[in-house]
Amino acid sequence: MAFHTKSYETLYPGQLICPTFELGEKKEETQEIIRYVAGNGVAEEDYEVKGHTMRALTATVLGDVSFVEEQAKQIPTEAEHTKDEKEKDLLKEEKKEEITADSNPERTFFVTVTDAKAAKKDVNEDFANNLPREGSVVLARITRISSQRANVEILALENKALPVDSGVGSNGSGVTAPGGGSAAATLSISQASSDLGETFRGIISARDVRATDRDRVKIMESFRPGDIVRAQVISLGDGSNYHLSTARNDLGVVFARAFNGAGGLMYAIDWQTMVAPNTGFMEPRKCAKPF
Amino acid sequence: MAESVEIRPMTFHREVLARIAPDLYMQRHLSLGLRPSLRAFEEFRNVEISDGRLSCASEDSINREGNNILGSNVLKCGKTMVITSITGGVVEENIPVKSEENEIVESYNETDRAANFGQVYPVVEVERGRVGAPTDEEMTLSQRIYNCILHSGLVPKTALDVAVGVRSTDAEGKTTITYSDEQEADGALPTTFKFRRKWTYTLYAKIQVFSRDGPLFELCWNSLLYALANTKIPRAFVDERTTDLKIPISMRGRSAAIRETFDIICDPTSFLPLRLNTSNKAFASNFAVIDLDPEVQLPKDDDDMQDSMPSSVLLADIQGEAEEASVTSTISVVTDGVGNLKHFKAVGGSSKITMDMMRNSIKLAKLRASDLDRKC
Amino acid sequence: MNITDRRRILGPANAKPLVFDKSMGPAQRGESEEVSSETGNDAMYIENGIVGNSNGSSYLEVKSRINDKNCTLLLTSVYGPRPSRGAFNAKATLSVQFREVTLEKIPAGQLREVCTFLTNIFNAVVNLERYPKSGIDIFLSLIHSSSGPQDYELESIITTCVNGITLAFVDAGIEILDTVSAGMYKKNITAFMKNGTEVVGFWKDDDDNSASEGIMDIVEKCKEHYLQNRKTMIEYMIRSSKSSN
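Line by line, the protein sequences give chains A, B and C.
UniProt numbering applies: residue 1 is where the first sequence begins, and numbers increase by one.
UniProt numbering applies: residue 1 is where the second sequence begins, and numbers increase by one.
UniProt numbering applies: residue 1 is where the third sequence begins, and numbers increase by one.
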């Protein structure tokens, strides 16, 4: 019986799942080869079995295993790593197809182990295994602006993962814990910051603010400190900053307060203007399409 | 409202919203009559306490050897856990030579009330995954607790005096310890053991906080109080030999000049409970005052609700990131069940604290204190 | 320390710590000393996820079945992956901090040694490649440790630390190559992975009792304890994951 069709109990770190490849169904001429590739929560390790070493996949986190067959030849994207209902259906369909069309002698499965607890939640609090990477959409707060770039701190991966940290109160922004963080004294209070030195930081360059008319972007007319921005990671950047971009219709400012945070919430009325409903005051921003 | 079809905000999951716009998240909850923790406005969290069986003085301690914790408490409130351990030290008081003959006068000093009360030296540590010097929060917490303990008069100074006993070994090699206060019946020995010195205990409290989830003063205070309530101080004695050595020196009138250090040894079998001024025992509660932002209220179905909505509300027992981030006005009350206020602190931020709210907060704090007192 | 610590309230400078009379312990200890050094007979209580503001945490209570005065209470919390500053790092960096919550008995030098030992073990165990540009901090809070007459017993503390860190990693969902656990035999500790076929850490202290024994024998003895610990941990993990479903 092939490993991917077996049913597994909950796996714990270090538990063997399957070898890296196995021989599948034997037809008259062809010998099917099934390959297993390590995904999230799985590592490939050397194991010694009966005197000779072999490569095998082991779990690295506690959770349930899922086998996702590679569809076309492509690099795994994030979607394939998350285990949800759709993929299960997909998996079933895939198998049916495989039985009818038996031309391909090689099948590849991505093996992932995901936490059963996290799979049920709307928002995955497991930021640990969902660090921002190229292509992910993040929600970030603008901390500083200059004419060339806006500095941000990444607050959450959109509807995915929330980093766990010491919390808002511990950094001293609240009255209840005056000057909580040890670095509080060295940082200016005017700098909007949620967690001193604890969030992942990013940069939005002026040329990455919008897709058109890039040369005439003015950061001042796009973002203000304290705004919440929806942005996409374009590269892991350097040691301390991710590089982000808002050059898409659905990316840009999602929450902003008028008068640099002093006024009420503003709403986008078009892609470059926001309005405060009670005062009617308008401010320029690079807004995200709110749908 | 500005909400209409074309400018509908995009949706976020509640955890994400709580993180990116905590104030908005808070206001939305308040407009439903709830708090982000799903408690009612004036509802407190439950508090679980235990002594953690850490103290070497308690009978069922997990370890009574190699341990000098005199009192302990583990307090759990929501997710937050506070571990308090009380340890002690001995200080030799400096007594002027002249007062040697008469008993040390316990003069009640009216002008300096605090001088009559004992002190506890707290060190608060909040775990937040960092190392280094104590944070501002830890420092202010420690100082505040220190001040409050001193001025509340919970620990009378006399409770910290060491009633020094003497250990003597008789001819058969059997050792006995005699304490002056236990000898009053036969009246023979105590006069010989009049000490020219006075020792007092000092109490140290180490307060360790895990999973910080809101303001901590109240939790630390309550935990410390519980810990002090079960603190037992050991009986202490000096060896007979050292007393003998002492007497000739003092008879020559040179007691002030020659001061060899006494080794105060504590008796690991005999403990006395720390005598607290129970009338000064008070518990802490905190409150927040927050303005309701009319702009971000959720639309109501019925119109008559609009009038009854107050402009600001009083919240009891601040918890969670959303509340902490959006609250600017706080009240902290330390009181006992009948209203002997020991400490009252109101921080007026952007929201106005009305007299009504103060009255209300004291009333709630009293209820809370009598409830907490029962857990002692 | 020469410099006065002005950040903490230290109390009077001339205070002396309480000295208890060692000759008259509350429970007269006798031959129990021999039994307490025997390993492999301890009960473990595990609870995960106690510390809310960390990414993962575990609480371990290890008690000897024979002598319930032998007891180690340890709270481990894992923070991270957190952003690291400075140069780009393709791998995560690991740090271990150890702190005694209630009593401070262990000298700082020894603590540093323990931390280095634990860091080395877990550098080999955590799948660091998964977490670029970040650091993982492990905080060990020893709430209580006692082993009879001794002030502290570093061996049982280290063993508990290894087990605690592994459980905290599992709770945090940080990828580790194996459920690493440690076994103790007299004053020797061995940390194993892959079902005892690979050793990731070995700690040996001065010990007259086991000086005559060969190193392989000691490792074998540790392995027995390791397998037992590992079994308990895995049982707990499976049970907790089932109950949450």
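Where is the CB? At the ideal position from N, CA and C, for every residue including glycine.
Computed from a predicted model, the values in this text were never measured in an experiment.
- Apart from sequence neighbours up to five positions away, the residues of its chain that approach Asp239/B with a beta-carbon distance below 6 Å are Arg167, ordered along the chain.
- Rounded to whole angstroms, the separation of the alpha carbons of Val200/C and Ala124/C is 7 Å.
- Between Glu137/B and Asp213/B, the gap from beta carbon to beta carbon reaches 9 Å or more.
- Residues of the stretch 257–272 of chain A with a C-beta less than 7 Å from any C-beta of chain B: Gly264, Leu265, Tyr267, Ala268 and Ile269, listed in chain order.
- Assigned with DSSP and collapsed to three states, Glu92/B falls in strand.
- Taking 9 Å as the cut-off, the beta carbon of Ala229/B is found no closer than this to the beta carbon of Ala284/B.
- Looking at the backbone, the Cα of Thr60/A and that of Val126/C are separated by about 9 Å.
- Taking a beta-carbon distance threshold of 9 Å, Leu57/A does not count as an interface residue toward chain C.
- Asp356/B sits in a helix when the DSSP states are folded into three classes.
- Straight through space, the alpha carbons of Ser77/C and Pro132/C are spaced by roughly 21 Å.
- The three-state reading of DSSP puts Lys342/B in strand, counting E and B together.
- Contact annotation: Val334/B and Ser37/B have beta-carbon atoms that are not nearer than 9 Å.
- Distance from the CA atom of Leu17/B to the CA atom of Asp227/A, rounded to whole angstroms, is 13 Å.
- Below the 7 Å Cβ cutoff, chain B contributes Ile20 and Ala21 as neighbours of Ile228/A, in chain order.
- Using beta-carbon distances, Leu219/B does not count as an interface residue toward chain A, since no partner is under 9 Å.
- Note: Ser146/A is not bridge-paired with any residue in the DSSP secondary-structure output.
- Pro234/B sits close to Phe20/C, with the two beta carbons spaced by under 9 Å.
- Straight across, the Cα-Cα distance linking Thr72/C with Ile154/A is about 39 Å.
- One alpha carbon belongs to Gly239/A, the other to Ile145/B, and they sit about 42 Å apart.
- With 16 or more other Cβ atoms from the protein chains shown falling within 10 Å of its own Cβ, Phe67/A counts as buried.
- Taking C-alpha positions only, Ile234/A is separated from Asn222/B by approximately 50 Å.
- Neighbours of Leu24/B in chain A, taken as residues whose beta carbon is under 9 Å from its own, are Phe255 and Leu265 in chain order.
- For a cut-off of 8 Å, the C-beta gap from Ile158/C to Ser145/C is around 11 Å, too long to register as a contact.
- Here the stretch 118–134 of chain B does not lie against the stretch 322–341 of chain B, with fewer than 3 beta-carbon pairs under 8 Å apart.
- In the three-state scheme derived from DSSP, where H, G and I count as helix and E and B as strand, Cys56/B is classed as coil.
- The beta carbon of Cys266/B falls within 9 Å of a beta carbon belonging to chain C, placing the residue at that interface.
- Considering only beta carbons, the part of the stretch 201–213 of chain B lying closer than 7 Å to chain C consists of Thr202, Tyr204, Lys206, Gln208, Phe210, Ser211, Arg212 and Asp213, in chain order.
- Contact of Ser58/C with chain A is not assigned, every C-beta pair being separated by 9 Å or more.
- Interface with chain C (9 Å Cβ-Cβ cutoff): Gly239/A is included.
- Between Thr87/B and Leu75/B, the gap from beta carbon to beta carbon reaches 9 Å or more.
- For the stretch 160–181 of chain C, the beta-carbon criterion of a distance under 9 Å to any beta-carbon of chain A is satisfied by Thr166, Phe169, Val170, Asp171, Ala172, Gly173, Ile174, Glu175, Ile176, Leu177, Asp178, Thr179 and Val180.
- Taking a Cβ-Cβ cut-off of 8 Å, the neighbours of Glu295/B in chain A comprise Gly264, Leu265, Pro277 and Asn278, given in sequence order.
- Collapsing the DSSP output to three states places Lys6/A in coil.
- In the three-state reduction of the DSSP assignment, Val131/B falls in the coil class, being assigned neither a helical nor a strand state.
- Thr87/B is bridged by DSSP to Ile69/B and Tyr204/B.
- At the C-beta level, Val209/B and Thr330/B stay beyond 9 Å of one another.
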